[in-house]
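In order, the protein sequence lines correspond to chains R and X.
Heads up: the first sequence begins at 11 in our numbering, then just goes up one per residue.
Heads up: the second sequence begins at 11 in our numbering, then just goes up one per residue.
No residue lacks a Cβ here, since even glycine has one placed at the ideal position from N, Cα and C.
What follows is a single structure, written as structure tokens, with notes after it.
Number of protein chains: 2
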Amino acid sequence: MNTIWKNSNLYIDVEESSIPWLKIFTKYQYQEMSEVPKEIRYEIYEILDIIERLMIEYYNPKKINIASFGNYLPHVHWHIMARFENDSHFPEPMWGEKQRNKEPNLPPMDEFIKKLIENLDS
Amino acid sequence: MNTIWKNSNLYIDVEESSIPWLKIFTKYQYQEMSEVPKEIRYEIYEILDIIERLMIEYYNPKKINIASFGNYLPHVHWHIMARFENDSHFPEPMWGEKQRNKEPNLPPMDEFIKKLIENLDS
């Protein structure tokens, strides 16, 4: 796991993938979103919105995908991914059947993460 | 599609499945969540919260799963599912590999939907 940002309630990890894929975790472990205090739930939604807008601006993806499962790891966390028509699984979700071996040619993620941290801290 | 509830911004459909699975659609088509007006985004999150709490109370599931993909249908919609250890795909997401042919033995969905509509309209 590679944590790129945190505050007193949440932290953001990068998922190792051929697409831009971030995960937002609550600092304290809650099994379900409805157990998370309302202000932290809304903080998660605000951060998903900031990440989505920046992914769209920076990567120009075909679609943004968002999910919260936690079936293996019952600790609330949200996935947000930029999807591309030629990525490994499109139009299937990243948990679905692999469609091809190609990887999309994308601008460097370091620059995206730098911009994201600036946005989150501003 | 089986629409069980709607208001001026949103409607809720039941997905045909062996598990409890609802979908929340925006009335107007937006491609991405960040294009949806903020008050409607928060209305979606409130409805996801209401559905999740009632699914937990009524079905006592192992886990709630939530997702917004729209790769096939680029019209913002959210999936919310009650998951059970013995359902067809657990612990994989419902878009992952099928794990077994069993179906969980669940209380009637009609009663759940009736309670949900009461909650949404109160």
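When DSSP labels each residue in this structure, what does residue i get in the three-state scheme?
i: X:N12; result: strand
i: R:R93; result: strand
i: X:Y21; result: strand
i: X:S44; result: helix
i: X:H99; result: coil
i: X:H85; result: coil
i: X:I29; result: coil
If you draw a straight line from the C-alpha of residue i to the C-alpha of residue j, how long is it?
i: X:M10; j: X:R51; result: Because chain X is modelled from 11 through 132, residue 10 of chain X falls outside the range shown and cannot be assessed.
i: X:D97; j: R:E128; result: 43 angstroms
i: X:E24; j: X:D120; result: Here residue 24 of chain X is Val; the residue named in the question, Glu, does not match the sequence. For X:V24 and X:D120, the distance between alpha carbons rounds to 11 angstroms.
i: R:K125; j: X:D59; result: 31 angstroms
i: R:P47; j: X:L64; result: 17 angstroms
i: R:E107; j: R:L20; result: 31 angstroms
i: X:N12; j: R:I14; result: 42 angstroms
i: X:R93; j: X:L83; result: 24 angstroms
i: X:I57; j: R:S78; result: 16 angstroms
Since residue i meets chain X, which of its residues come closer than 8 angstroms, beta carbon to beta carbon?
i: R:F100; result: N81
Does the CB of residue i have a neighbour CB from chain X at under 8 angstroms?
i: R:E49; result: no
i: R:R63; result: yes
i: R:K129; result: The amino acid occupying residue 129 of chain R in the given sequence is Asn; Lys does not appear at that position. So, not an interface residue.
i: R:I66; result: yes
i: R:S44; result: yes
i: R:D59; result: yes
Does the CB of residue i have a neighbour CB from chain R at under 8 angstroms?
i: X:E25; result: no
How would you write the range of the alpha helix (DSSP H) that residue i sits in, first residue to last?
i: R:N129; result: M119 to D131
i: X:I61; result: K48 to Y69
Show which residues of chain R have a CB atom less than 9 angstroms away from the CB atom of residue i.
i: X:R93; result: F79 and N81
Could you tell me which chain X residues have their CB closer than 7 angstroms to the CB of residue i, listed as they occur along the chain?
i: R:E97; result: Checking the sequence, you will find Asp at residue 97 of chain R rather than Glu. Result: empty, since nearest Cβ-Cβ is about 10 angstroms, beyond 7 angstroms.
Under 9 angstroms Cβ-Cβ, which residues of chain X neighbour residue i?
i: R:P103; result: A77, F79, N81, P103, W105 and G106
Along chain R, in chain order, which residues have C-beta atoms closer than 7 angstroms to that of residue i?
i: X:K73; result: G80, N81 and P84
Quick one: does the C-beta of residue i sit closer than 7 angstroms to a heavy atom of the ligand ADP?
i: R:P118; result: This structure lacks the ligand ADP, and indeed carries no ligand of any kind.
From what residue to what residue does the beta strand (DSSP E) around residue i run?
i: R:N75; result: K73 to S78
Identify the contact partners of residue i in chain R, using a Cβ-Cβ distance below 8 angstroms as the criterion.
i: X:Y55; result: R51, Y52 and Y55
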